[in-house]
Amino acid sequence: LTGSSDRPALDVDQTEALLHDWFERPVILLASGRTALRIALAEYGLTRYDDRIWVPWFLSRCVLSAVTHQAFPVECPHSASGTLLYHQYGFRVRDHPRDPVVEDIAHSFFAGPRTGRRAWRGELAIFSLPKFFPTAGFAGGLLASSEEHAAKIRSATRNTAASSATCTWMREVYQLSFPGSRRYEPGAATWLDSASELLFQYPAPDPEALAGLPSSRAEIEAVGEVRDERARRFRELFVTHDLSEFWPAEEDILPYALPFFAQAGLPALARARSALDTLGIRSDVYRVNVARSMLSPTYRPCLLVPGHQQMNDHLFAEMCDALADTA
Ligand SMILES: Cc1ncc(COP(=O)(O)O)c(C=O)c1O
2 LTGSSDRPAL DVDQTEALLH DWFERPVILL ASGRTALRIA LAEYGLTRYD DRIWVPWFLS
62 RCVLSAVTHQ AFPVECPHSA SGTLLYHQYG FRVRDHPRDP VVEDIAHSFF AGPRTGRRAW
122 RGELAIFSLP KFFPTAGFAG GLLASSEEHA AKIRSATRNT AASSATCTWM REVYQLSFPG
182 SRRYEPGAAT WLDSASELLF QYPAPDPEAL AGLPSSRAEI EAVGEVRDER ARRFRELFVT
242 HDLSEFWPAE EDILPYALPF FAQAGLPALA RARSALDTLG IRSDVYRVNV ARSMLSPTYR
302 PCLLVPGHQQ MNDHLFAEMC DALADTA
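The sequence shown begins at 2 in the numbering used here and counts up by one.
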């Protein structure tokens with residue numbers, strides 16, 4: 002979600018404190034989630050030419066790029082030195098991974114509408130803020146299991162900021178590249194890969210990128226309530242019996258994006274996608290691991306559709322009606 006370029010409400014230390022309170026775990030704010038991922042792998046002592054890391058299939062390209070700085074990504078656990086445990090689109094992985102684990106909660110900021118606390122699966126986890134909140138640029142970070150470890154990483158990264166001109170350029174590329182920006186320009190995406198590479202060279206957070214983030218726990222919870230209500234409504238409407246294990250009603254799941262499965266398969270998903278296009282809603286077909294298992298994944302195609310807080314109720318209802326018509 003792209004935010005305004007107003008001044009951020011909170012500075013870096015205040016944002017860290019707010020997120021610490023939310024996750025109930027020490028936080029190190031960094032330039033982005035992928036920066037955090039690279040640092041987490043380095044903290045575990047993984048190196049590019051010695052180690053392999055077990056990653057799931059269909060992982061996004063930017064995450065794979067981050068991994069390649071510190072380890073060779075592999076799709077099976079046998080020879081791996083560790084696991085990237087990715088809770089795909091917010092649906093938590095259920096099986097036990099190979100230690101050490103970097104828990105990727107980039108798509109799972111909310112453990113429930115009012116808390117980010119959960120049963121952590123590794124010593125280090127990474128999060129990404131623009132997936133759930135508007136920001137003026139890249140922003141993410143690491144969660145550590147002790148204050149001492151957090152302080153060590155913080156002091157090693159805090160004075161590594163890019164120059165102010167570079168930060169401004171990166172925010173500009175970010176704002177022009179992502180849908181949702183009023184100034185959306187597809188051409189700007191040309192520079193996104195280059196800007197992303199800089200996230201590894203300059204791990205410190207860009208304070209200006211925090212513009213648009215919530216400034217209190219109450220604001221985060223208000224977002225959680227909207228997302229939770231939308232996810233529950235969507236589940237009621239579209240989750241068929243065969244998917245009840247994937248998305249059980251009693252589990253708190255506040256997905257990054259809502260998965261719409263069509264019994265009639267890919268042609269029905271393509272029809273649904275064009276129906277949403279006419280409403281001005283961008284969506285796309287992705288593969289989701291409905292088994293929620295890294296060891297025995299079962300991928301099914303679905304349309305990922307939005308349900309975030311910046312969408313108004315009327316548009317959300319229109320989207321659901323359009324999907325119901327094509328189901
Ligand atoms: C699963 C996952 N992890 C990590 C990241 C990286 O987060 P960031 O964009 O904050 O670098 C992404 C970004 O798309 C992602 O999809």
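For glycine and all other residues, C-beta sits at the position ideal for the given N, C-alpha and C.
query, result
"With 16 other Cβ atoms within 10 Å as the buried cut-off, status of lysine 17", "Looking at the sequence provided, one finds glutamate at residue 17 rather than lysine. Looking at its Cβ environment, which holds 16 or more other Cβ atoms inside 10 Å, glutamate 17 is buried."
"heavy atom of ligand 1 below 6 Å from cysteine 63 C-beta", "yes"
"heavy atom of ligand 1 below 6 Å from tyrosine 203 C-beta", "no"
"Coarse secondary structure for valine 17, derived from DSSP in three states", "According to the sequence as given, residue 17 is glutamate; it is not valine. In the structure shown, glutamate 17 sits in a helix (DSSP, three-state: H, G or I)."
"Check: serine 109 C-beta below 6 Å from any heavy atom of ligand 1", "no"
"Arginine 288 CB to nearest heavy atom of ligand 1 below 6 Å", "no"
"Element boundaries [alpha helix (DSSP H), containing isoleucine 254]", "Counting along the chain, isoleucine 254 falls outside any alpha helix (DSSP H), and DSSP gives it neither H nor E."
"Neighbourhood of histidine 70 by C-beta distance below 7 Å, restricted to the same chain and skipping five residues each side", "Arg39, Arg49, Phe201"
"Backbone CA spacing between serine 182 and alanine 292 [nearest angstrom]", "Any reading at serine 182 must be qualified, since the residue scores a pLDDT of 46, below 50, and its modelled position is unreliable; no value is offered."
"Aspartate 207 CB to nearest heavy atom of ligand 1 below 6 Å", "no"
"Ligand 1 heavy atom lying under 6 Å from the CB of serine 129", "yes"
"Within the region 212 to 280, ranges of the beta strand (DSSP E) (whole runs, at least 3 residues)", "259 to 261"
"Member of Ser297, Pro302, Ser294 whose CA lies at the smallest distance from the CA of aspartate 285", "Pro302"
"For glutamate 25 and glutamate 252, the rounded distance between their alpha carbons", "20 Å"
"Segment contact flag, the region 232 to 244 with the region 203 to 212, C-beta cutoff 8 Å, min 3 pairs", "no"
"Three-state secondary structure assigned by DSSP to isoleucine 282", "coil"
"Simplified DSSP state of tyrosine 300, which is helix, strand or coil", "strand"
"Nearest neighbour of alanine 163, chosen from Ala151, Leu144, Ala140, Leu199 [CA to CA]", "Leu199"
"Spatially closest choice to leucine 352 from Met295, His309, Ile282, by CA coordinates", "No answer is possible for residue 352: it lies beyond the span of the chain, which begins at 2 and ends at 328."
"Burial state of cysteine 77, where buried means 16 or more other Cβ atoms lie within 10 Å", "exposed"
"Isoleucine 29 versus histidine 315: straight-line alpha-carbon distance, rounded", "38 Å"
"Simplified DSSP state of glutamine 311, which is helix, strand or coil", "coil"
"Residue closest to serine 156, alpha-carbon to alpha-carbon, out of Leu304, Glu230, Asp14, Thr136", "Asp14"
"Counterpart residues of glutamate 104 in DSSP-defined beta bridges", "Leu86, Ala126"
"Euclidean distance between Cα positions of tyrosine 300 and glycine 46", "32 Å"
"Sequence-distant residues of its chain with Cβ nearer than 7 Å to alanine 258 (five each side left out)", "Tyr90, Leu305, Val306, Pro307"
"Serine 156 Cβ short of 6 Å to ligand 1 heavy atom set", "no"
"Any 3 or more C-beta pairs closer than 8 Å across the region 30 to 37 and the region 228 to 243", "no"
"heavy atom of ligand 1 below 6 Å from arginine 35 C-beta", "yes"
"Nearest candidate by alpha-carbon position, reference tyrosine 87, set Pro101, Ile106, Ala273", "Ile106"
"Within 7 Å, strictly: CB atoms of serine 197 and cysteine 63", "yes"
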